[in-house]
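Working notes for the structure below.
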Amino acid sequence: MIKEEADGNKRYKTRLVVKGFQQKAGIDYTKILLSIVKITTIRVLLSIVAAEDLYLEKLDVKTTFLHGDLEEDIYMAQPEGFQISSKENLVCKL
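All residue numbers for the sequence shown refer to UniProt numbering, where the first residue is 1 and numbers rise by one.
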C-alpha cells in the first residue's frame, strides 16, 4: 500500500497475512471465531470513497488478528519472494 503524506512524501506499507481460507475443519483448526464489521463502518468508508472520487481496491480491517493469542503452534510456508536461499523447504512459526 502506498500512503501519501501531507508533505507529499510517500510511505509504503505492507503486511503478512495467513491464508486461513485454505484450512480444513478438524485438521487445521478446531473452532471458528468470527469477526464482524459493523455495517455503519462499511457505509462510512464507502461514503468517503464516493465523495472523494477514490478507487477502492481492497478493504482491510487492521485489528482482526492484531491482539489474538495463539493457543497452539501454527506454521506457514515462507512468503513468495521472501524465501531464504537454500532453505526454501523451511516454514515460519507464527
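By construction, the Cβ of each residue, glycine as well, lies at the ideal position given by its N, Cα and C atoms.
Check                                                                        : Outcome
Local conformation of V91 per DSSP, three classes                            : strand
Selection from E88, I74, D73 that minimises the alpha carbon distance to E80 : E88
Contact check, Q78 vs L90, beta carbons under 9 Å                            : yes
Straight-line gap, I42 to I2 (C-alpha atoms, nearest Å)                      : 21 Å
Nearest to C92 (by Cα), restricted to the options I74, S85, S86              : I74
Sub-9 Å separation of L94 and M76 beta-carbons                               : yes
C-alpha gap between E4 and E52, whole angstroms                              : 15 Å
Collapsed DSSP secondary structure at A51 in the structure displayed         : helix
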